[in-house]
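Novice: Numbering (the numbering used here), first residue to last: 5 to 208. Below: one structure in structure tokens.
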């Protein structure tokens, strides 16, 4: 049975190359195979995303302009784990409320993904949220989120768009694979409080 092995090699030296609003860049040195290696690393606070499903088997998606990607992407409600000491589940619940104006009574852990394991510390935990309800008041959004569209989309339509290469967001694509395969195999998602061992909060 295969599985990724958690175990970070000691950082022998580090140099801060860039201080950013969301993430930093460091040069880190470590030893591997008897050699000392220097790599540039994006130090990321981590993130959460949510597959919110309603009784009609529709997924809540947001349509948001992403300047680095060069376009407007369909994505899951998601956000950074940038509140010190905040539990990832609480962060996911907060992001679902802030981005989609909905809450959910049932939460499970769906999947964890390393977005760019060769260059970034970012790990995203994706939750499955069901028994959803609309919140009475809309959240005030700004910046890229000010013009963001929120829409319930049938799950089958999302999968069809993914297979037709009309969707590109990594979290959304990974989550759709996980949801559809769990259903096909009669499986269950993980408990909502599953330890998030791969996540390393960015040091202050």
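Beta carbons: idealized from backbone N, C-alpha and C, even for Gly. The model shown is predicted, which means the values in this text are computed figures rather than measured ones.
Locate the beta strand (DSSP E) running through residue 39, then write down its first and last residues.
Specialist: Per DSSP, residue 39 belongs to the beta strand (DSSP E) from 39-47.
Novice: Could you pull out every unbroken beta strand (DSSP E) segment of at least 3 residues lying fully inside the region 131-208, listed in chain order?
Specialist: Runs found: 153-158.
Novice: Across which residues does DSSP place residue 97 in a beta bridge pair?
Specialist: None, per the DSSP bridge assignment.
Novice: In this structure, how does DSSP classify residue 88 when only helix, strand and coil are distinguished?
Specialist: Correct three-state label for residue 88: coil.
Novice: Alpha carbon to alpha carbon, how far is residue 86 from residue 70?
Specialist: Cα to Cα, residue 86 sits roughly 19 Å from residue 70.
Novice: Three-state secondary structure (DSSP) at residue 60?
Specialist: Reduced to three states, the DSSP call for residue 60 is coil.
Novice: Taking its Cβ as the centre, do 16 or more other Cβ atoms sit within 10 Å of residue 49, making it buried, or is it exposed?
Specialist: The residue in question, residue 49, is buried, as its Cβ has 16 or more Cβ neighbours within 10 Å.
Novice: Measure the Cβ-Cβ separation of residue 203 and residue 92 and say whether it is below 8 Å.
Specialist: Their beta carbons are under 8 Å apart, which means residue 203 touches residue 92 by this criterion.
Novice: Is the CB-CB distance between residue 3 and residue 51 below 8 Å?
Specialist: Since the displayed the chain opens at 5 and closes at 208, residue 3 lies outside it and no answer follows.
Novice: Considering only the alpha carbon of each residue, which of 14, 46 and 7 lies closest to residue 25?
Specialist: Out of 14, 46 and 7, 46 has the C-alpha closest to the C-alpha of residue 25.
Novice: Can you give me the Cβ contacts of residue 124 inside the same chain, cut-off strictly under 6 Å, excluding the 5 residues immediately before and after it?
Specialist: Closer than 6 Å at the Cβ level, and outside the excluded window around residue 124, lie 46 and 48.
Novice: In this structure, how does DSSP classify residue 33 when only helix, strand and coil are distinguished?
Specialist: Of the three classes helix, strand and coil, the one that applies to residue 33 here is strand, per DSSP.
Novice: Give me, in chain order, the residues of the same chain whose beta-carbon lies closer than 6 Å to that of residue 236; leave out the 5 immediate sequence neighbours on both sides.
Specialist: Shown here, the chain extends from 5 to 208; a query on residue 236 therefore has no answer.
Novice: So is residue 41 buried or exposed if we call it buried at 16+ other beta carbons inside 10 Å?
Specialist: By the neighbour-count rule (16 or more Cβ atoms within 10 Å), residue 41 is not buried but exposed.
Novice: From the DSSP output, read off the bridge partner residues of residue 75.
Specialist: The partner list for residue 75 (beta bridge, DSSP) reads 70.
Novice: Of all the options 39, 15 and 189, which has the alpha carbon lying nearest to the alpha carbon of residue 33?
Specialist: Taking only the C-alpha atoms, the option nearest residue 33 is 15.
Novice: Residues bridged to residue 18 by DSSP?
Specialist: For residue 18, which the question treats as bridged, DSSP gives the partners 32.
Novice: Sort out for me which residues DSSP pairs residue 129 with in a bridge.
Specialist: Paired residues: 52 and 116.
Novice: Measure the Cβ-Cβ separation of residue 66 and residue 154 and say whether it is below 8 Å.
Specialist: Against a cut-off of 8 Å, the Cβ pair of residue 154 and residue 66 comes out as a contact.
Novice: Can you grab the Cα-Cα spacing for the pair residue 23 / residue 120, in whole Å?
Specialist: Whole-angstrom Cα-Cα distance: 19 Å.
Novice: Can you tell me whether residue 238 is helix, strand or coil according to DSSP?
Specialist: Lying before the first or after the last residue shown, residue 238 is absent from the chain, which here runs from 5 to 208.
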